[in-house]
Amino acid sequence: PFYILVVPPTGGSQTFAATEDAYVKTSNATRNYGNDTWLRIRQSASETYESFVKFDVTGLVGPPSQVKLRLFVTTASSSAGAVSSVSASAWSESTITWNTRPTTLTPVAPNQPTPAAGQWVEWDVTSAVAGNGAVSFALVSSSSTSAFFSSSEGANAPQLVVTP
6 PFYILVVPPT GGSQTFAATE DAYVKTSNAT RNYGNDTWLR IRQSASETYE SFVKFDVTGL
66 VGPPSQVKLR LFVTTASSSA GAVSSVSASA WSESTITWNT RPTTLTPVAP NQPTPAAGQW
126 VEWDVTSAVA GNGAVSFALV SSSSTSAFFS SSEGANAPQL VVTP
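Heads up: take any position in the sequence shown, counting from 1, add 5, and you land on the working numbering.
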């Protein structure tokens, strides 16, 4: 018998849209914001916002060579924040609140400066994606100025750009 091995083309990247995303905040610790059109990050003495984004990666035949998390900036800040990986099964867009958010964060990408509103900002999150499956990220900030990004309910959904 003869076998045919089908290998996807090399060099091309795949772009995945977020399957779930939401932000949480300390001042309404039991409220869910999964249907809002934006994501927000901020840390101050009076209030903290964190955002969570989930993707379903499919079609890979091995570990990717590069993975970029991309968010569209709707209101710029001095910092786009840092990215950590979190368990994809630890939260859901429709139920996450400040009190139920994942607290075990694995740092993946350091703070990025925020481009002007209307542009994309990206982080290298290659170390957090080993292959196919759900992957999830938390965005946190140490800036007291809020940064806003479009959510999957907004005009420019968060993206995960995966290069084989």
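C-beta: ideal position from N, C-alpha, C; glycine also.
In this text, all values refer to a predicted model and were calculated from it rather than measured experimentally.
Check: Assign Pro163 to one of two classes, buried (16 or more other C-beta atoms within 10 Å of its C-beta) or exposed (fewer than that).; Outcome: buried
Check: Specify, as a first and last residue, the run of the beta strand (DSSP E) that Ile46 falls within.; Outcome: Trp43 to Gln48
Check: Using 8 Å as the Cβ pair cut-off and three pairs as the minimum, do the stretch 129-136 and the stretch 26-40 touch?; Outcome: no
Check: Is the separation between the beta-carbon of Thr194 and that of Pro107 shorter than 8 Å?; Outcome: No answer is possible for residue 194: the residues shown for the chain start at 6 and end at 169.
Check: Which residues share a DSSP beta bridge with Trp125?; Outcome: Phe77
Check: Ignore the nearest five residues each way along the sequence and tell me which others in Glu98's own chain have a CB closer than 6 Å to its CB.; Outcome: Glu25, Ala27 and Gly39
Check: Taking a contact to mean a Cβ-Cβ separation below 8 Å, would you say Lys73 touches Val126 in this structure?; Outcome: no
Check: Classify Glu55 as buried or exposed, calling it buried when 16 or more other Cβ atoms lie within 10 Å of its own Cβ.; Outcome: buried
Check: According to the Cβ coordinates, are Ser155 and Gln48 closer than 8 Å?; Outcome: no
Check: Could you give the residue range of the beta strand (DSSP E) that holds Ser146?; Outcome: Per DSSP, Ser146 belongs to no beta strand (DSSP E) and is neither H nor E.
Check: How many angstroms separate the CA atom of Leu10 from the CA atom of Asn116?; Outcome: Note on Leu10: pLDDT 45, under 50, position unreliable in the model; no value is reported.
Check: Look at the Cβ atom of Phe57, then the Cβ atom of Trp96, and state whether they are nearer than 8 Å.; Outcome: yes
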